[in-house]
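Residue numbers (the working numbering), protein chains in the order written: chain W, 1 to 256; chain D, 257 to 494. Quick reminder that beta carbons are idealized off the backbone N, C-alpha and C, glycines included. Have a look at the structure below before the remarks.
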Amino acid sequence: MGAGHGHVLYRESDSPVHRLPPEVKIAAMVVFTIAVVATPRTAFWAFGGYALLVAAVAALARVGPRWLLSRALIEVPFVVFAVALPFLGSGDRVEVLGLRLSEDGLHGAWNILAKGTLGVLASLLLAATTTTRDLIVGLDRLHCPQVLTQIATFMLRYLDVLVGEARRMRVARISRGDDPRFLWQLRGFAAGIGALFLRAFERGERVYLAMLSRGYTGRMPAGWQGEGAASAGQWLVAATVPVLAATIAVTSVVLS
Amino acid sequence: METLAMHISNGIIDGPVAAIFAALALVALTGCVLRGRRDLDDRLAPMAGLVAAFIFAVQMLNFPIFTAGVSGHLLGGALAAMLVGPWVGALCVAVVLVVQALIFGDGGVAMLGLNITNMALLGTAAAYLLIALLLRVLPRTPAGLAVTAFVAAMLSVVVASQGFVLQYWLGGTTDLGGNLAGLAGTMAGVHLLIGIGEGLITATTVLTVAKVRPDLVYALRSLRTPIAPAVPVAGGVR
Chain W
1 MGAGHGHVLY RESDSPVHRL PPEVKIAAMV VFTIAVVATP RTAFWAFGGY ALLVAAVAAL
61 ARVGPRWLLS RALIEVPFVV FAVALPFLGS GDRVEVLGLR LSEDGLHGAW NILAKGTLGV
121 LASLLLAATT TTRDLIVGLD RLHCPQVLTQ IATFMLRYLD VLVGEARRMR VARISRGDDP
181 RFLWQLRGFA AGIGALFLRA FERGERVYLA MLSRGYTGRM PAGWQGEGAA SAGQWLVAAT
241 VPVLAATIAV TSVVLS
Chain D
257 METLAMHISN GIIDGPVAAI FAALALVALT GCVLRGRRDL DDRLAPMAGL VAAFIFAVQM
317 LNFPIFTAGV SGHLLGGALA AMLVGPWVGA LCVAVVLVVQ ALIFGDGGVA MLGLNITNMA
377 LLGTAAAYLL IALLLRVLPR TPAGLAVTAF VAAMLSVVVA SQGFVLQYWL GGTTDLGGNL
437 AGLAGTMAGV HLLIGIGEGL ITATTVLTVA KVRPDLVYAL RSLRTPIAPA VPVAGGVR
């Protein structure tokens, strides 16, 4: 499920959802997902309710259904699997999956499809309304250990360094007469991967030393954290979605 | 099944089992944070970030195997263990998984505990144990190092895939009809192939780094008594 891992998912906008502090959005998204997963799979109405919640948040965030659904395609490999689950009768892997009980297979497919899709949509909404920088600020405010936020900060920063170095090395190869078409590229890629790592490290190390010499102590400056931390009101506003989802989940558990 | 293999998505494993593994992952990661904090010095901090970025990028390469529906990807646990040590290494892989789950929907958020257990904990631990063992047994030559990296990477992928089999046995949402051995075999076979790719990438990368900047390879630090003072951190341009 690899498509689009650069942060191309962020949608610049000034919607109410965009303005919410990141820690609130992360917490809401996690609680929502847990509520979805805890729902019994035969409570079909509950998943309809979740879908309505997702649609409402998407509308508030001004994220169009077309954008959302086309990005949700990263899910396709396991949608294929889920659809195949109840139908494919032959092939050893499917036999392994125990399709003697086709009803169970159908329920299993539905389970994966519904919960997986809702989970992907929820995280897409988070991605569309939160920059990666804000994501780390949010994790920091949620008291994620500093070692982890530090690694995450560098990871996101160095991704660009890595991509930039890879592009430079590719241009260098082409300008020396290499012919990087797909299969031919593999050999050059394999030979260059170690060099790429080293070059990216040395650039990254310089970035890090520059940060140190400007007073970096392992945490981003206080101005980052101090301003814009979520108020009680914002927590309450954002809590509506997970609270509704949790209510649906509890009701469905009680009913089933 | 293998489509979901490494990044388990929501709804594959039932709630209670996911919760148990989430607790397990939390405890183990806390341990890693405590130990990792000591390791994370000026040289390791940028390296940890780069290793995480590298793993992030490399996990985007999905290997289609047999059919379009079956694929897997590289893990990077062995690379992390080799370059930044087991504690920080596990943290690096965990960070990659958390970011992927939060903003890319790759692997369900509710299944994060399972994914972290398999890839960050099992994968890295298996890799580091193998590295520690092989570096002592094999000759201390570039070839020995390459073989160590290759074998550790390959086997750690297989170990991580068996973690999924265990979890599916405990709480899979679709009945396997008791044929768990079949699942284990398929998973092991597929991931052995992925492991070869992973092993080659890990070995090339580690070998290059070890040749030019041996001070950066965590796994070599404990073995070689530093005769010369370590290379100054500021050494950048060559």
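Sixteen is the threshold: when 16 or more other Cβ atoms of the shown chains lie within 10 Å of the Cβ of D/V354, as they do, the residue is buried.
About 13 Å separates the beta carbon of D/G445 from that of D/M410, a gap too long to meet the 8 Å contact definition. If you check the CB distance, D/A284 and D/L377 come in under 7 Å.
Short of 6 Å from the beta carbon of D/G427, and not among the five residues preceding or following it, lie these beta carbons of its own chain, in chain order: I269, D270, V273. In summary, the residues of the segment 299-310 of chain D whose CB is separated from some CB of chain W by less than 9 Å are R299, A301, P302, M303, A304, G305, L306, V307, A308, A309, F310, in the order they occur in the chain. Not a single C-beta of chain W is nearer than 7 Å to the C-beta of D/R291. Residues of chain D whose Cβ lies closer than 9 Å to the Cβ of W/R157 are, in chain order, G305, A309. When the five nearest sequence neighbours on each side are left out, the beta carbons in the same chain lying within less than 8 Å of the beta carbon of D/V465 are those of L339, L472, V473, in order along the chain.
For D/Y474, the enclosing alpha helix (DSSP H) has its first and last residue at 474-477. Exposure of W/I174 is indicated by the presence of fewer than 16 other C-beta atoms within 10 angstroms of its C-beta. Within the segment 342-366 of chain D, those residues whose Cβ lies closer than 9 Å to any Cβ of chain W are, in chain order, V344, L347, C348, A350, V351, V352, V354, V355, Q356, A357, L358, I359, F360, G361, D362, G363, G364, V365, A366. Scanning W/A122, W/H107, W/L255, W/P16 for the CA closest to the CA of W/L9 turns up W/A122. The three-state secondary structure of W/S175, taken from DSSP, is helix. Spatial neighbours of W/T131 in its own chain (CB-CB distance under 6 Å, excluding positions within 5 residues in sequence) are listed in chain order as Y10. With respect to the C-alpha of W/A128, the residue from W/L162, W/D178, W/A72 having the closest C-alpha is W/A72. Taken in chain order, the complete alpha helix (DSSP H) segments of 4 residues or longer contained in the segment 16-60 of chain W are 16-19, 22-38, 44-60.
A direct Cα-to-Cα measurement between D/V413 and D/T458 gives close to 12 Å.
Using a Cβ-Cβ cut-off of 8 Å, W/F154 is close to A301, P302, A304, G305, L306, A308, A309 of chain D, given in chain order. Contact annotation for W/Y208 against chain D: A301, P302 [CB-CB distance below 7 Å, chain order]. Within 7 Å of the CB of D/G271, the CB atoms of chain W belong to V37, A38, in sequence order along the chain. Note that the segment 161-169 of chain W touches the segment 199-206 of chain W; at least 3 beta-carbon pairs, one per stretch, sit closer than 8 Å. Excluding its 5 nearest sequence neighbours in each direction, W/T153 has C-beta neighbours in its own chain below 6 Å: I136, listed in chain order.
Taking the C-beta atoms as reference points, W/F32 is found nearer than 7 Å to W/A245. Between D/V314 and D/G332, the beta carbon gap of about 6 Å places them in contact (Cβ cut-off 8 Å).
If the five residues before and after W/A238 are omitted, its C-beta is found closer than 7 Å to the C-beta atoms of L20, V24, K25, A28, all from its own chain and listed in chain order.
Not a single C-beta of chain W is nearer than 7 Å to the C-beta of D/N371. Taking 8 Å as the upper bound for CB-CB distance, D/A301 and W/Y208 are in contact here, some 6 Å apart. Taking CB atoms only, D/S265 has a neighbour in chain W less than 7 Å away. About 5 Å separates the Cβ atoms of D/V421 and D/A440, confirming a contact at the 8 Å cut-off. Assigned with DSSP and collapsed to three states, W/R219 falls in coil, not helix or strand.
W/S231 has its alpha-carbon roughly 31 Å from the corresponding atom of D/N266. The continuous stretches of alpha helix (DSSP H) do not include W/C144, and DSSP gives it neither H nor E. Contact between D/L368 and D/A383 does not hold, since their C-beta atoms are separated by about 21 Å, which reaches or exceeds 8 Å.
Approximately 6 Å separates the beta-carbon atoms of D/L463 and D/L401; this is inside 8 Å, confirming the contact.
Interface residue (Cβ-Cβ distance to chain D less than 7 Å): W/L198 is classified as such.
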